[in-house]
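Everything on this sheet refers to the single structure shown next.
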Amino acid sequence: MEEMGLFQTIHTARALRRLKPDPVPDDVIAKVIDAAVRAPTGSNLQNWRFVVVKDAGRRRQIADLYRASMQTAQNVLSHRKPPPHMTAKLQKQMYDGAIYLAEHFGDVPVLLLAWLQLPPDQDNPNVPPEQAETYRRLSGASIYGAVQNMILACRALGLGTVLTTVLSYKEAELRKLLNAPPDMQLFAVLPIGYPIEGHGHGPVRRLPISDVTYMESFGNNWPKK
Ligand SMILES: Cc1cc2nc3c(=O)[nH]c(=O)nc-3n(C[C@H](O)[C@H](O)[C@H](O)COP(=O)(O)O)c2cc1C
């Protein structure tokens, strides 16, 4: 397969939730994780840890937790108005996709969970509490690059995925199921499989950068093209 260009990959890496149950070879999953570990981490700690779940029984158990989490999330989301750039129809399509995924989560062949081993609260006991709090809050940023690299690697390899976080509602149960050590925090769950309906057409639709970017300070918009 010819490799996709970087910008084509970025522009077409949409959320894919309808995935075939067909297995994904381990060497393909290894490529996805290898892309993740090329990303940066704060202080180069490389404190990410990835759990790959392929076992059908374990996937079913996680799927039960995912479905329950979605019900909790729906209590919140069902009251949310669509953002100005989205019609109610498009928002419904997105939620329908999310519900479809929840109902078929156990059939997705690979669940890839991204965790960070959080650094100790205070390496230096003399750090004031508010600085320690800022440090703690920002340490989660170390997962940003890894997760996006995995999304892009999936796209380039012909796989579908979507960044999900909803399982955090059932994190306690998930931790037990996966023997997660106490210093490990869950940041993302990527269901991965080959897409049922391909990768869609054209680039993902987003607001133009002139709507979301300012020159020098807030209020002075980046010029429209
Ligand atoms: C932080 C974050 C959390 C998300 N959590 C979920 C989730 O729990 N379940 C889900 O189906 N999609 C989830 N998504 C996917 C978004 O709904 C999706 O990326 C967005 O609608 C854009 O989709 P598009 O790229 O196809 O336009 C999440 C995305 C992000 C960035």
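Taking the numbering used here, the leading residue of the sequence shown gets 124, the next gets one more, and so forth.
Using N, Cα and C, we set each Cβ at its ideal position, and we do this for glycine too.
Ligand 1 heavy atom lying under 6 Å from the CB of residue i
| i | result |
| --- | --- |
| Met217 | yes |
| Val285 | yes |
| Leu275 | no |
| Val270 | no |
| Leu235 | no |
| Leu224 | yes |
| Ala138 | yes |
| Val327 | yes |
| Val199 | no |
| Ala211 | no |
| Thr135 | no |
When the options are compared against residue i, the one with the closest alpha-carbon
| i | options | result |
| --- | --- | --- |
| Leu234 | Lys204, Thr195, Leu301 and Tyr292 | Leu301 |
| Pro305 | Glu126, Leu239 and Cys277 | Leu239 |
| Met307 | Tyr317, Ala295, Leu313 and Pro206 | Ala295 |
| Leu141 | Val285, Leu213 and Phe173 | The residue asked about is misnamed: residue 141 is Arg in this sequence, not Leu. Closest by alpha carbon: Val285. |
| Pro243 | Arg328, Ala162, Pro232 and Gly263 | Gly263 |
| Thr164 | Leu297, Ser265, Gln254 and Arg181 | Ser265 |
| Val289 | Leu282, Ala279, Ala311 and Lys299 | Ala311 |
| Ala225 | Ile274, Met193, Gly283 and Phe173 | Met193 |
| Gln131 | Leu280, Phe173, Ala255 and Leu297 | Leu280 |
Per-residue burial, residue i [other beta carbons within 10 Å of its own, 16 or more giving buried]
| i | result |
| --- | --- |
| Phe228 | buried |
| Arg203 | exposed |
| Ile332 | exposed |
| Tyr189 | buried |
| Ala186 | buried |
| Pro314 | buried |
| Lys293 | buried |
Three-state secondary structure (DSSP) of residue i
| i | result |
| --- | --- |
| Ile319 | coil |
| Leu282 | coil |
| Arg231 | Arg is not the amino acid found at residue 231; the sequence shown has Val there. Reduced to three states, the DSSP call for Val231 is coil. |
| Arg298 | helix |
Within-7 Å CB hit, residue i to chain C
| i | result |
| --- | --- |
| Ala303 | Protein chain content of the structure displayed is limited to a single chain, and chain C is not contained in it. |
Runs of alpha helix (DSSP H) wholly within the segment 208–274 (minimum 4 residues, chain order): 211–227 and 252–262
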